[in-house]
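In the numbering used here, the protein residues as written are 558 to 825.
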C-alpha cells in the first residue's frame with residue numbers, strides 16, 4: 558500500500574504542521590521551532606524492506622529528511638530490543654551517534670528502531686513526534702502514530718492499518734526509473750516481472766522450489782511469448798540466483814544479480 562494515504566498539511570497560519578489521514582487528524586502538532594519545516598529523521602536498520610517503508614512514509618510527508626541507517630552494536634545486537642539498556646548507546650547511525658539536536662519528527666520501521674525512537678522522544682521531553690511502521694512490540698502507547706499491516710492485528714486511536722506494506726512506488730518514480738534503464742524498452746512484450754524473496758524465520762524457500770518457479774517463468778515465456786524481468790532479494794542467495802540463471806538461459810529474460818544499480822522500480 559502506498560504511503561500516500563498520509564496527507565501532511567502545512568500553512569494556513571499554522572506554524573506547527575499536523576498529520577491528517579482521510580481528513581482526520583491523527584498526530585498532534587509537530588513543532589518546527591528551529592526552521593520553517595520540521596527537522597525529520599528516518600531510522601532503519603539497512604534491510605531493504607525496512608528502509609523502503611520508512612523512506613516511503615517520509616517521502617509522502619513532503620518534508621526534507623535525514624536518513625539514518627542504524628548499526629546495532631555489541632552486546633545489544635545479541636539482545637531482543639525490549640531488553641536494551643541505555644538504548645541510545647545501542648546503535649550508531651551511519652557511523653555517528655544518535656545525539657542532539659533532536660528531530661521534531663522521527664519515522665522508524667521495525668523493532669530494531671522502536672526502542673531508539675522512544676529513547677529519542679524521551680530525551681527530547683516528548684517534543685519529538687514519533688511515527689512507527691509495524692508493531693513496535695514495546696511502548697505502543699508512547700508512539701504518536703503506528704502504521705501497521707492488517708495481519709499484525711493491532712488496533713487503536715493512533716493506529717493506521719494498511720492492507721500491505723508502505724512503499725515508495727509513485728507514477729513519477731516509475732517514469733523516471735524507466736528512463737534510467739532504456740534497454741528495457743526494447744524487450745519483447747508482454748513483460749513478466751518477477752520479484753523473488755527467500756527464506757526467513759517464518760517461511761522457507763528451498764532450491765527445489767526456486768527451480769519450480771524458474772520453470773514456471775520459462776513455461777510462460779515459451780507458450781505466450783514476451784520477456785521476463787527477474788529481481789531476487791538478499792535472501793535468495795547465490796545458489797538460488799544460479800538456478801534462475803540456468804533455467805532461464807537462452808530465453809529473453811533479464812536477471813538482476815545484485816551488481817550495479819537495482820532496476821526494481823524500472824521493472825515495475
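Each residue gets a CB set at the ideal place from its N, CA and C atoms; glycine is no exception.
C-alpha distance - residue i paired with residue j, whole-angstrom precision
i: residue 645; j: residue 659; result: 12 Å
i: residue 711; j: residue 720; result: 13 Å
i: residue 655; j: residue 727; result: 31 Å
i: residue 618; j: residue 629; result: 27 Å
i: residue 631; j: residue 647; result: 8 Å
i: residue 880; j: residue 760; result: Coverage of the chain is limited to positions 558 through 825, which leaves residue 880 absent and any answer about it impossible.
i: residue 603; j: residue 683; result: 26 Å
i: residue 681; j: residue 594; result: 18 Å
i: residue 808; j: residue 736; result: 24 Å
i: residue 583; j: residue 715; result: Low confidence applies here, because residue 583 scores a pLDDT of 47, under 50, leaving its location unreliable; read the following figure in that light. The alpha-carbon atoms of residue 583 and residue 715 are separated by roughly 6 Å.
i: residue 717; j: residue 792; result: 29 Å
i: residue 780; j: residue 805; result: 14 Å
i: residue 657; j: residue 757; result: 36 Å
i: residue 790; j: residue 723; result: 18 Å
i: residue 766; j: residue 754; result: 12 Å
i: residue 707; j: residue 700; result: 18 Å
i: residue 670; j: residue 822; result: 26 Å
i: residue 786; j: residue 770; result: 13 Å
i: residue 606; j: residue 666; result: 9 Å
i: residue 627; j: residue 776; result: 42 Å
i: residue 763; j: residue 741; result: 30 Å
i: residue 590; j: residue 596; result: Any answer about residue 590 is weak, because its pLDDT of 49 lies below 50 and its placement is not dependable; what the coordinates show is given next. Rounded to whole angstroms, residue 590 to residue 596 spans 9 Å at the Cα level.
i: residue 774; j: residue 732; result: 26 Å
i: residue 664; j: residue 751; result: 30 Å
i: residue 608; j: residue 797; result: 24 Å
i: residue 783; j: residue 633; result: 50 Å
i: residue 690; j: residue 744; result: 37 Å
Environment of residue i [buried if 16+ CB atoms lie within 10 Å]
i: residue 601; result: buried
i: residue 642; result: exposed
i: residue 625; result: buried
i: residue 635; result: exposed
i: residue 725; result: buried
i: residue 746; result: exposed
i: residue 661; result: buried
i: residue 815; result: exposed
i: residue 739; result: exposed
i: residue 688; result: buried
i: residue 639; result: exposed
i: residue 818; result: exposed
i: residue 693; result: buried
i: residue 801; result: buried
i: residue 579; result: Since pLDDT at residue 579 reaches only 45, below the 50 mark, its modelled position is unreliable, and the value read off the structure follows with that caveat. By the neighbour-count rule (16 or more Cβ atoms within 10 Å), residue 579 is not buried but exposed.
i: residue 623; result: exposed
i: residue 653; result: exposed
Range covered by the beta strand (DSSP E) that runs through residue i
i: residue 752; result: 748-752
i: residue 811; result: 810-812
Residues that DSSP places opposite residue i in a beta bridge
i: residue 766; result: None, per the DSSP bridge assignment.
i: residue 598; result: 623, 663
i: residue 784; result: 748
i: residue 629; result: 648
i: residue 688; result: 664, 702
i: residue 670; result: Answer is none; residue 670 lacks a bridge partner.
i: residue 719; result: 706
i: residue 654; result: 649
First and last residue of the uninterrupted alpha helix (DSSP H) at residue i
i: residue 729; result: 728-737
i: residue 611; result: 605-618
i: residue 696; result: Note, residue 696: premise wrong, no alpha helix (DSSP H); not H, not E.
i: residue 743; result: Note, residue 743: premise wrong, no alpha helix (DSSP H); not H, not E.
i: residue 801; result: 794-804
i: residue 821; result: 821-824
Residue i Cβ short of 8 Å to the ligand COA heavy atom set
i: residue 797; result: As presented, the structure is devoid of all ligands, the ligand COA included, so that no description of it is given.
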